Each structure stands twice: as structure tokens, then as C-alpha cells.
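Residue numbers (this note's numbering): 2 to 595. Quick reminder that beta carbons are idealized off the backbone N, C-alpha and C, glycines included. The model shown is predicted, which means the values in this text are computed figures rather than measured ones.
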């Protein structure tokens, strides 16, 4: 029933390579050039600086299949996942990009040729929308596709005008829809946003730059950015009614159905749980493989919420011991050919999930006991106090939504204002030790340091020690030239170094610890973090002497702590065993790779 997900992904990338596009690997799920973004949520994220002209590469057209996560921050559909046909925390986005090279005409030609000639969709089922003021795009569609004008519709700014933000590059877009027929909605029209007319591809024509006063001027090099959800395209090609029925999802879903001994399609609540497990194991596997680790803040907290939501649904299926980590194998079997890092990091990812499961099963039991006791004291129809909800969150790791779900079953609610008050107080306490999670942006100081051209060379994959120089010192949020130990106590500071053996795990995760030693100098490194691209910062305490900008020191990683972290969580990057050949599938056939 149509091409497989792996075949579709490869056919898209090959098609655009034949049109002289450079095939670029998917970037990491932790955005490397945008600290304000929680996760990479679209194909254009890695090319942002190319579109604005800040960065140059040796190609002007590219194609990718980008790993994306939309959970937490602006895009947060977490609670819908499992209940709808197309909400996901993790999905893949196919895209082709032009950086001041081709524009509307070629973008439309390529899209039409790929969908009708390569994939073989029926042109009679295709519809197109254009921005209401973009007559140029409308005429191009008529000429290139031969579609009747009544199947090319104009839509307003909300649907068909794209912007990077309130200011910056922006422009009209054109969306391609498939009419799936009357079975999906007899009286439905393309304007209803229902099931019958399914939008599959968005072509963005970056034409203008918008300024704070609302003025728009034409860009000197108009560009193209497109995005098409691979899972959604597969659902059309394989003619299935929802994304969970495509082969790439079914292999994972059936793996879980077999594991928990609950067949899919027999019972609605079991089906919801199996869909949640399928979606969430994909997100967790890819996030951890890309270096995010479960924690109580930033990206790590979003990952922990996804994990715990999956474990809760597993519990509904009767799983009372760690089971979720076994799903990593299902994902790797399906996707390791396209994403070799999954094969490389397989055991590390499984270990991290297993460890989280063990911890959560313990706290779940203890938290449930506390909640049951406290619920007895609440009148029917009443609300649980905010401080109890916060205690459950802080001590037992219950997200607020978990507490709410349990209370709802007993016709009770929760005091949201009280919970928020406690949460704010905790945030104030933790802001002082914020580690660059990506949610709060980056302290202006590190942007300033980076703008001066300072960079750190990372050597930590091969070395635990390195001689280096102090590039900058930050104390109490200000740049200083020197840190000096007082009479009684050590002095806390943040040190930027030129060469770092310290592994800095972004996204609110803890990196390496160790020491900086020099002539009459001893600085204890409590953790390493990376607030902006190419800048490694060591947070810690000066125990002896005075530390000046420009000083030479020897940087040493605490090997025990690193080994403990690897034992528990696996490394960010592993040496690949020779028998793990991610570019071949299990049968020895070449797999659809990147």
C-alpha cells in the first residue's frame, strides 16, 4: 500500500539532489544557533543565519529531512498526543531551501513534479492555497500545474503569510492540499481545516524584511523555505486514515502491543495508551540521543514530562515495572538506517530511560500514598491546596497535569494560583543557578563575549586534561578582570576558557566537573555549560590565589564523575562498534540513509 516511510524519505532527498540541492544532515534537536528556542521545530532552524545573510556556505540550495520536536514552549500539544490523528511530540520534516538562488517559479515546479511524477499523487485530488495578495504565485500555479483556477484558493495572513518573528525575514506562502474524498467529510470545504482537505506541504517565499515599525522592504536575495511532514505524506501515500497507521509508526506500536500483551484496535483506551507510547518513545529516543537528559528544568524537564506521561499510560496497561526502555529497540530497528546516531547511542539511551523509569515507579507509589491521604481531607467538589500540589511536583516528580487527572477522577480540582505562587518562589531560588536551558535565553554578557570573537575549542572527546588560557571571567553577573580569594571564603565565578576538555551538556543538563590549576591558583569546577555556540563556561569556586584574564592554567576533568555519568546515562557521543553498520539494514541491504 504505497511507499514505506523509509522509501519516501529517501525519494524526496534524492529528487532534490537531482535538482542540484546539497543534501544536509538533520541538525540536532538542541538548536545550536538559537538559544531562545527550546527544540528544533522546523527544517529552517539550522539555516536561519543563511537566510538572514549572517552566514555563508558553499551552496545556495539544500534539502533535508529534519528531526523536529514540538513539546513545551510555544508549540505544546503534549496532552493532545494519543487522542488525535496528527499531533506528535516528535516528527520528521522534509524540506528544500533556496538561499537567494531560485524563487517562486522553481519552488512550485519542483513541488508539483515531486508529488505528481515521483510520488504519483493524482493531480485531480490536489488543491493549492496562496496568500490573498500574491497574484504572482497564483498565475505561476495555473501555468505550471494546469490546475483549474477554482482549485487555487486565496487565504489571508493567518494561514498564508509566514514570519520568523515580529521582525525579520517574512513572506507569503503557498500550501498544497490533498482532497481525500467524501468519505472524510461530505460537505467539507478546503477552508474548514478538517480531515478531508489535508494540507501536506507549505512553500514559504521569503520576500521581505519586516521592521519594528511594521514597515516591510523587499529582501535583496529572496529565498525559499519549504516544509512537508513525512508522517502526513506517508498517511496519504499509504492511504491510511491517521499517522499512527503508517508502516513506520505501526512497527513501533505493534512492538509495544506485543510487549504489554494488549492488541491494538480492540479497546479505545488501550489504543490511546499504545499511541502515546509510540509517539513518546520516538521523542525520548531522539532527544536523549541528541544529548538531552532528564532533569527538573529547561529541555530536561520537558523530556522528563514526556517520559513520565508515557510511563503513566503504560501503568494503565498494567505495566508496574520498567518496560518503556525496551521501545528504543523498536525505534532503532525502524529508523537506525536513516539516523546512524540511534544505533551508536542505543545502549546509552536505553540505560537513561531505564534509570528514569525505576526512579519514577518508586516516587509514583510514594506520591500516590500522600495524595490519597490529602484528598480525604478535601470536601467533594473542592480543591487541593497549591502547596500540596507543589510538594507532589517538587518531591515526587508529579507534573501538575498528573495531579489534576487523578483529582478529576475523584471530582476534585487543584488550587492553580497557590501552585503557581510556590513554583515562582522556587524559580526565584533557581534563577541564581540557571544553566542556560534555552528557555530563558542567554545572559547578554555571553552574547557580548561571543560578539568579541572569543571561542572555545572542545577537546573532551579525546582528552581529560588540557592546557588553556582564561578568556573572560564573570562574577555576580558582571565581566571582571580578576577573581581574588577573600580572607575566609572561596569566591564563586564563571570562567570562559580557550580550550576545554570539560563536556558541557546544554539544555539544563549537568556537564563535567574538575579543576583549573595554575601557579598559586586552584579553582574547583562544579559544572560546565555552553550558553552560546562555541563558548564553554566553567562555573565554580576559587579556592586559592587570584585568577586573572589571560592567565595560563591546566584544566582537568574529574574522571570518576564522568564515568559515573556515563554508567548511568551513556555518553553524548560513543565510539561505534565495527559490527554496527547504520548504513545497512538488518538484511544487509543498503538502508535509506542520509
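Run of the beta strand (DSSP E) containing residue i, from where it starts to where it stops
{"i": "residue 231", "result": "Residue 231 -> not in any beta strand (DSSP E); alpha helix (DSSP H) instead, spanning 231-238."}
{"i": "residue 265", "result": "No beta strand (DSSP E) holds residue 265; DSSP gives it neither H nor E."}
{"i": "residue 472", "result": "466-476"}
{"i": "residue 481", "result": "479-481"}
Integer Cβ distance of residue i from residue j, believed to fall under 8 angstroms
{"i": "residue 415", "j": "residue 390", "result": "5 angstroms"}
{"i": "residue 99", "j": "residue 61", "result": "7 angstroms"}
{"i": "residue 248", "j": "residue 501", "result": "No, residue 248 and residue 501 are not in contact; Cβ-Cβ is about 44 angstroms, not under 8 angstroms."}
{"i": "residue 447", "j": "residue 329", "result": "Not a contact, Cβ separation roughly 34 angstroms."}
{"i": "residue 81", "j": "residue 138", "result": "Not really, about 32 angstroms apart at Cβ, beyond 8 angstroms."}
{"i": "residue 200", "j": "residue 178", "result": "5 angstroms"}
{"i": "residue 331", "j": "residue 252", "result": "6 angstroms"}
{"i": "residue 543", "j": "residue 486", "result": "5 angstroms"}
{"i": "residue 385", "j": "residue 375", "result": "6 angstroms"}
{"i": "residue 304", "j": "residue 320", "result": "Not quite, the Cβ-Cβ distance comes to about 20 angstroms (not below 8 angstroms), so this is no contact."}
{"i": "residue 145", "j": "residue 113", "result": "6 angstroms"}
Residue range of the alpha helix (DSSP H) that includes residue i
{"i": "residue 10", "result": "6-19"}
{"i": "residue 355", "result": "347-377"}
{"i": "residue 551", "result": "Per DSSP, residue 551 belongs to no alpha helix (DSSP H) and is neither H nor E."}
{"i": "residue 308", "result": "299-317"}
{"i": "residue 180", "result": "No alpha helix (DSSP H) holds residue 180; the beta strand (DSSP E) holding it covers 169-180."}
{"i": "residue 153", "result": "Run containing residue 153: none in the alpha helix (DSSP H); it sits in the beta strand (DSSP E), 153-156."}
{"i": "residue 164", "result": "Element bounds for residue 164: not the alpha helix (DSSP H) but the beta strand (DSSP E), 162-164."}
{"i": "residue 327", "result": "Taken as a continuous stretch (DSSP letters only), residue 327 belongs to no alpha helix (DSSP H), as it is neither H nor E."}
{"i": "residue 320", "result": "Residue 320 -> no alpha helix (DSSP H), and no H or E assigned at all."}
{"i": "residue 463", "result": "Unbroken run through residue 463: none, as it is neither H nor E."}
{"i": "residue 286", "result": "269-290"}
{"i": "residue 408", "result": "401-410"}
{"i": "residue 393", "result": "387-397"}
{"i": "residue 452", "result": "445-452"}
{"i": "residue 380", "result": "Looking at the DSSP string, residue 380 is not in any alpha helix (DSSP H), and its letter there is neither H nor E."}
{"i": "residue 103", "result": "Premise fails: residue 103 is in no alpha helix (DSSP H) and is neither H nor E."}
Distance CB(residue i)-CB(residue j) smaller than 8 angstroms
{"i": "residue 265", "j": "residue 258", "result": "yes"}
{"i": "residue 86", "j": "residue 244", "result": "yes"}
{"i": "residue 94", "j": "residue 256", "result": "no"}
{"i": "residue 499", "j": "residue 469", "result": "yes"}
{"i": "residue 334", "j": "residue 31", "result": "no"}
{"i": "residue 412", "j": "residue 387", "result": "no"}
{"i": "residue 142", "j": "residue 205", "result": "no"}
{"i": "residue 527", "j": "residue 545", "result": "no"}
{"i": "residue 173", "j": "residue 208", "result": "yes"}
{"i": "residue 404", "j": "residue 369", "result": "no"}
{"i": "residue 476", "j": "residue 465", "result": "no"}
{"i": "residue 128", "j": "residue 52", "result": "no"}
{"i": "residue 324", "j": "residue 261", "result": "yes"}
{"i": "residue 226", "j": "residue 101", "result": "no"}
{"i": "residue 522", "j": "residue 496", "result": "no"}
{"i": "residue 223", "j": "residue 104", "result": "yes"}
{"i": "residue 536", "j": "residue 456", "result": "yes"}
{"i": "residue 92", "j": "residue 230", "result": "yes"}
{"i": "residue 503", "j": "residue 473", "result": "no"}
{"i": "residue 263", "j": "residue 318", "result": "yes"}
{"i": "residue 170", "j": "residue 220", "result": "yes"}
{"i": "residue 395", "j": "residue 427", "result": "yes"}
{"i": "residue 168", "j": "residue 213", "result": "yes"}
{"i": "residue 360", "j": "residue 326", "result": "no"}
{"i": "residue 240", "j": "residue 3", "result": "yes"}
Residue i at chain D interface by Cβ criterion, 8 angstroms
{"i": "residue 52", "result": "Absent here is chain D; the protein component of the structure consists of one chain."}
Next on the checklist: Could you tell me which whole alpha helix (DSSP H) segments of length 4 or greater appear in the stretch 189-218?
Outcome noted: none
Checklist entry - Taking contact to mean at least 3 C-beta pairs separated by less than 8 angstroms, is the stretch 56-67 in contact with the stretch 27-46? => result yes
Item to check | Whole runs of the alpha helix (DSSP H) within the stretch 42-96, excluding any shorter than 4 residues | outcome: 49-53
Checklist entry - Touching or not, the stretch 15-27 and the stretch 130-137, by the rule of three or more beta carbon pairs under 8 angstroms? => result no
Next on the checklist: Using a Cβ distance threshold of 8 angstroms, determine whether the stretch 512-521 contacts the stretch 548-556, with at least three qualifying pairs required.
Outcome noted: yes
Checklist entry - Looking at C-beta atoms only, is the number of pairs between the stretch 302-309 and the stretch 52-61 that lie closer than 8 angstroms three or more? => result no
Checklist entry - Any contact of the stretch 224-240 with the stretch 287-306, i.e. 3+ C-beta pairs under 8 angstroms? => result no
Item to check | Three-pair Cβ contact test at 8 angstroms for the stretch 337-349 versus the stretch 274-284 | outcome: no
Item to check | Complete runs of the beta strand (DSSP E) confined to the stretch 492-548 [at least 3 residues] | outcome: 492-498, 515-519, 522-533, 536-545
Item to check | Those runs of the alpha helix (DSSP H) which lie wholly inside the stretch 118-147 and span at least 4 residues | outcome: 136-146
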